[in-house]
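S.K.: Next up is a structure, given as structure tokens.
Residue numbers (my numbering), protein chains in the order written: chain F, 71 to 336; chain Y, 555 to 641.
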């Protein structure tokens, strides 16, 4: 016969887990709206930035820029954006799984989980500001221009909906030739190459910032979904355990009555 | 008074999107003003206070930490890392 005391303890423990998942789900829900707003704003900025870079890189002059040189000596740096906390379903695991496809690369983590994973100084993806991205972009652009590495990529999570997020990869440097054909008659001050070289840092920083914001929106959505299903599982478990507990309790009572009746009959 | 379409974009979204009369900024080669009918033009801009004229009397001052200014026949776009209008 199952031990009723052990069942009681288990029910209590599952109930406290349910409360915890409910609280984490509520915190994630409250952050979703703000995170989604920040993501859509950052997407607008990313779109403007990408079309400006496409315009600048479409001209033949731009091929002379150090940021458009394709070198292939295998020195790759990859910025990896993960979450600040766990309990977000497969959000962090998917990002790290994608990172394993680039075993030779040197990783630059953003987000506490990524910093822990790569044993680097901690930074927060939730509080990552444009200034932080600019400082990182300046350092990376200088190193790239000095040929200290050949390619710069970024691993982030693409937001499709509250239910669906996908770990993605994109190359940031070297820049690829744009297909914009609005160049005719355009005047560049002081000249095409100088403008391109001046805005590359801005472009890299802007891409990092907007992808960090998109990834954060994915993190809170993934956490809400994970906590919702954990809450449902906990509820189901409590029901099953309660049923088992009641059966055990009832069995004990029945047995006791049977024993008393048997004793009285003697 | 002719106006032009202006979009000011930063990581905080489109800070301004609409018709403007004039935009004063500091480019890498010096101060410049964009008005309606400006030739197609691209320049990097420096971190400096700038001014947006909605008409010839309404001026909004702002701080900008540098970026890229693109002027085409469809309008002007200023992409900045940070752009904040003064209170």
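Ideal placement from N, C-alpha and C gives every residue a C-beta, glycine not left out.
Note that the structure is a prediction, hence the values are computed from the model and not measured.
#1: Are the C-beta atoms of residue 640 (chain Y) and some chain F residue less than 8 Å apart?
#2: At the level of alpha carbons, what is the spacing between residue 102 (chain F) and residue 241 (chain F)?
#3: For residue 565 (chain Y) versus residue 279 (chain F), is the C-beta spacing smaller than 8 Å?
#4: Strictly under 8 Å for the Cβ-Cβ distance: is residue 215 (chain F) near chain Y by that measure?
#5: Going by beta-carbon coordinates alone, are residue 579 (chain Y) and residue 260 (chain F) separated by less than 8 Å?
#6: If we cut at 8 Å on Cβ distances, does residue 149 (chain F) have a partner in chain Y?
#7: Could you tell me the alpha carbon to alpha carbon distance between residue 140 (chain F) and residue 633 (chain Y), rounded to whole angstroms?
#8: So residue 89 (chain F) is in the alpha helix (DSSP H); what residue range does that whole segment cover?
#9: Give me the Cα-Cα distance between residue 123 (chain F) and residue 302 (chain F), rounded to the nearest whole angstrom.
#10: I'd like the list of long-range same chain contacts for residue 142 (chain F), defined as Cβ closer than 8 Å, with 5 residues on each side in sequence excluded.
#11: For residue 595 (chain Y), does the three-state DSSP call read helix, strand or coil?
#12: Output yes if chain Y places a C-beta closer than 8 Å to the C-beta of residue 275 (chain F); else output no.
#13: Within 8 Å of any Cβ in chain F, is that where the Cβ of residue 595 (chain Y) sits?
#14: To which residues of the same chain is residue 562 (chain Y) closer than 6 Å at the C-beta, ignoring the five residues directly before and after it?
#15: Listed from N- to C-terminal order along the chain, which residues in the region 114 to 144 of chain F have their beta-carbon within a distance smaller than 8 Å of any beta-carbon of chain Y?
#16: By the DSSP assignment, the beta strand (DSSP E) with residue 625 (chain Y) in it spans what residues?
#17: In whole angstroms, give me the CA-to-CA distance for residue 614 (chain Y) and residue 93 (chain F).
#18: Taking C-beta pairs closer than 7 Å, name the residues in chain F that residue 622 (chain Y) reaches, listed in chain order.
#19: Between which two residues does the alpha helix (DSSP H) harbouring residue 183 (chain F) extend?
#20: If you run the structure through DSSP and keep just helix, strand and coil, what is residue 249 (chain F)?
#21: Measure from the C-beta of residue 635 (chain Y) to each C-beta in chain F and report whether the shortest distance is under 8 Å.
#22: Could you list which residues in chain F have their beta carbon closer than 7 Å to that of residue 605 (chain Y), in chain order?
#23: Please list the residues of the region 178 to 211 of chain F that have a C-beta atom closer than 7 Å to any C-beta atom in chain Y, keeping them in chain order.
#24: Using a Cβ-Cβ cutoff of 7 Å, what residues of the region 573 to 587 of chain Y are near chain F? List them in chain order.
#25: Any chance you could list the alpha helix (DSSP H) runs of at least 4 consecutive residues sitting entirely within the region 177 to 233 of chain F, in chain order?
#26: Does the region 289 to 297 of chain F touch the region 154 to 161 of chain F, meaning 3 or more C-beta pairs lie closer than 8 Å?
M.R.: Once the coordinates are examined:
#1: Here residue 640 (chain Y) refers to the residue found at position 86 of the second chain. Nearest CB-CB separation between residue 640 (chain Y) and chain F: not below the 8 Å threshold.
#2: Walking along the first chain from the start, residue 102 (chain F) turns up at place 32. Walking along the first chain from the start, residue 241 (chain F) turns up at place 171. Straight-line Cα distance between these residues: approximately 28 Å.
#3: Translated into positions along the second chain, residue 565 (chain Y) becomes position 11. Translated into positions along the first chain, residue 279 (chain F) becomes position 209. Going by C-beta atoms, residue 565 (chain Y) is nearer than 8 Å to residue 279 (chain F).
#4: The residue given as residue 215 (chain F) occupies position 145 in the first chain. Closer than 8 Å to the CB of residue 215 (chain F) there is not a single CB belonging to chain Y.
#5: Here residue 579 (chain Y) refers to the residue found at position 25 when the second chain is read from its first residue. Here residue 260 (chain F) refers to the residue found at position 190 when the first chain is read from its first residue. Cβ atoms of residue 579 (chain Y) and residue 260 (chain F): not closer than 8 Å.
#6: Here residue 149 (chain F) is taken as the residue at index 79 of the first chain, counted from 1. So no, residue 149 (chain F) is outside the interface.
#7: The residue labelled residue 140 (chain F) in the question sits at position 70 within the first chain. The residue labelled residue 633 (chain Y) in the question sits at position 79 within the second chain. When rounded, the distance between both Cα atoms is 27 Å.
#8: As a working mapping, residue 89 (chain F) is identified with position 19 in the first chain. Membership of residue 89 (chain F) in the alpha helix (DSSP H) is indicated by the continuous run 74 to 127.
#9: As a working mapping, residue 123 (chain F) is identified with position 53 in the first chain. As a working mapping, residue 302 (chain F) is identified with position 232 in the first chain. Our two residues, residue 123 (chain F) and residue 302 (chain F), have alpha carbons roughly 47 Å apart in a direct line.
#10: Reading the first chain from its first residue, position 72 is the one you call residue 142 (chain F). Around residue 142 (chain F), the same chain offers 220 as residues with beta carbons nearer than 8 Å, after the five sequence neighbours per side are excluded.
#11: Reading the second chain from its first residue, position 41 is the one you call residue 595 (chain Y). Under the three-state reduction of DSSP, residue 595 (chain Y) is assigned to strand.
#12: Mapped onto the first chain, residue 275 (chain F) falls at position 205. For residue 275 (chain F), the answer is yes, since a Cβ of chain Y falls inside 8 Å of its Cβ.
#13: As a working note, residue 595 (chain Y) is residue 41 in the second chain. With its beta carbon less than 8 Å from one in chain F, residue 595 (chain Y) belongs to the interface.
#14: In the second chain, the residue the question calls residue 562 (chain Y) occupies position 8. Excluding positions up to five away in sequence, the list reads 569, 570, 632, 637.
#15: Answer set for the region 114 to 144 of chain F: 114, 115, 118, 119, 122, 125, 126.
#16: Taking the first residue of the second chain as 1, we reach residue 625 (chain Y) at position 71. Boundaries of the beta strand (DSSP E) harbouring residue 625 (chain Y): 613 to 626, taken from the DSSP string.
#17: Here residue 614 (chain Y) is taken as the residue at index 60 of the second chain, counted from 1. Here residue 93 (chain F) is taken as the residue at index 23 of the first chain, counted from 1. Just so you know, the alpha carbons of residue 614 (chain Y) and residue 93 (chain F) end up roughly 44 Å apart.
#18: For this step, residue 622 (chain Y) is matched to residue 68 along the second chain. Against chain F, the beta carbon of residue 622 (chain Y) has neighbours under 7 Å at 122, 269, 272, listed in chain order.
#19: If you number the first chain from 1, residue 183 (chain F) lands on position 113. 182 to 187 is the extent of the alpha helix (DSSP H) around residue 183 (chain F).
#20: As a first step, residue 249 (chain F) must be located in the first chain, where it is residue number 179. Residue 249 (chain F): coil per DSSP, three-state reduction.
#21: The count along the second chain starts at 1 and reaches residue 635 (chain Y) at position 81. Taking Cβ atoms only, chain F reaches closer than 8 Å to residue 635 (chain Y), which makes this a yes.
#22: In the second chain, counting from the first residue as 1, residue 605 (chain Y) sits at position 51. Those within 7 Å of residue 605 (chain Y) in chain F number zero; the least Cβ separation is about 19 Å.
#23: Those residues of the region 178 to 211 of chain F placed with their C-beta closer than 7 Å to a C-beta in chain Y are 200, 204, ordered along the chain.
#24: Close to chain F, meaning a Cβ-Cβ distance shorter than 7 Å, are the following residues of the region 573 to 587 of chain Y: 581, 582, 583.
#25: DSSP runs (the alpha helix (DSSP H)) wholly in the region 177 to 233 of chain F: 182 to 187, 200 to 215.
#26: Touching, yes.
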